[in-house]
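Engineer: Got a structure for you, written out below as C-alpha cells; questions coming shortly.
Numbering (my numbering), first residue to last: 1363 to 1662.
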C-alpha cells in the first residue's frame, strides 16, 4: 500500500473513533467511559498488581491491563506520553496513582482528544490530535511513553517506533502492549533494540485478555446504549465479544497479546534505511487494514 493509501487508512481510523465517541455520547455512560481496551483478568495464582481500586470502579480489568504493563516501573515525578490515548483512562489513572509530574496524550481522533481536555483540564495534563507515526512533540521529552492496544492500527509502525525512540530520554521507558500477529513480535523487538532500547520484560497475556472479554464484553456493550441493527457486528468488535473477529484473534494461535517493557539504554542515530523487512512491513499494513475494516460503523 502506498503512502497515500496509508493516509486514507489513518483517516478512516480517525473517523471510526470519532463515530464511536458519538455513539457513546448518546448513552448515559458518556462521562464515565474512559477505556476502550480489552482488559486483563488474573488467572490461577496470578495476582492483580498496582494500586487497589475501590469496588465501585467501573472497569477493573481495563485498569489492570495498564497496571500490568507498568509493572515495577517507577513513574514518580515522570513526564509520561501516551500515544493512542483514546478517552484518557490510562493517563487519568497515572495522574492519580503513580505520582507523575505531567502527562501528555496524543490521539488521532479529535473527539477523543476533546473529551480528554474536558475531563482533565488541569495544567499537568495536555492533549494533542496527532498521527502516531508523526507525533508533534519534542525529542527527549518523555521519561516514559505508553502504548496500550492501539498500534495494531498503524500501517507503517516503524515510524511509530522511531518516534518513540526520539521522544524517550536515555534511561526512560517504553511500556507497550497490544494484540499482534505472533510473527510480528520478534521483528518489533529487534527494531526497538536497534533504536537503542533494551528489552526488560516480555509476557504473553493472551489468556488473561481472553478471560476479561469472556467476563466483561457483554457488560461493556451496554455502555454503547441502543445501536442500529446494522452496527451490532461492529459494536461486538469494539468490545471483543465472543464470535467477533477480534475475539477469535485471541484464540486462533496466530495472534498474541503481548506485554513488552523496554528501557532506553542509549541514544542511537536512526539509519536512513528501513529496519523492518518488506514482508513484515506488508504484514503490518494488512493487520492495520483489517482492524480499520472491523471497526467501521456502518450507520455513520
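Just so you know, even glycine gets a beta-carbon here, dropped at the ideal spot from N, CA and C.
For residue 1588 and residue 1608, I'd like the C-alpha separation in whole angstroms.
Structural biologist: 22 Å
Engineer: Distance check for residue 1591 and residue 1563, CA to CA, integer angstroms please.
Structural biologist: Roughly 43 Å between the two C-alpha positions.
Engineer: Enumerated in chain order, which unbroken segments of the beta strand (DSSP E) with a length of 3 residues or greater are wholly contained in the segment 1423-1470?
Structural biologist: 1441-1445, 1464-1469
Engineer: Measure the C-alpha to C-alpha separation of residue 1574 and residue 1598 and round it to an integer number of angstroms.
Structural biologist: 14 Å
Engineer: Of all the alpha helix (DSSP H) runs that stay within the bounds of the segment 1471-1514, which reach a length of 4 or more residues?
Structural biologist: 1472-1481
Engineer: Taking just the CA atoms, how far does residue 1423 sit from residue 1584?
Structural biologist: Here the C-alpha atom of residue 1584 lies approximately 16 Å from the C-alpha atom of residue 1423.
Engineer: Using only the alpha-carbon positions, how far apart do residue 1378 and residue 1659 sit?
Structural biologist: Distance between the alpha carbons of residue 1378 and residue 1659: 7 Å.
Engineer: Contact between the segment 1610-1629 and the segment 1542-1560: three or more CB pairs below 8 Å?
Structural biologist: yes
Engineer: On a Cα-Cα basis, can you pick out the residue from 1519, 1405, 1382, 1402 that is closest to residue 1395?
Structural biologist: 1382
Engineer: Please state whether the Cβ-Cβ distance between residue 1546 and residue 1645 is less than 8 Å.
Structural biologist: Taking 8 Å as the Cβ cut-off, residue 1546 and residue 1645 qualify as a contacting pair.
Engineer: What's the C-alpha gap between residue 1649 and residue 1471?
Structural biologist: The straight-line gap from Cα to Cα measures roughly 19 Å.
Engineer: Taking its Cβ as the centre, do 16 or more other Cβ atoms sit within 10 Å of residue 1603, making it buried, or is it exposed?
Structural biologist: buried
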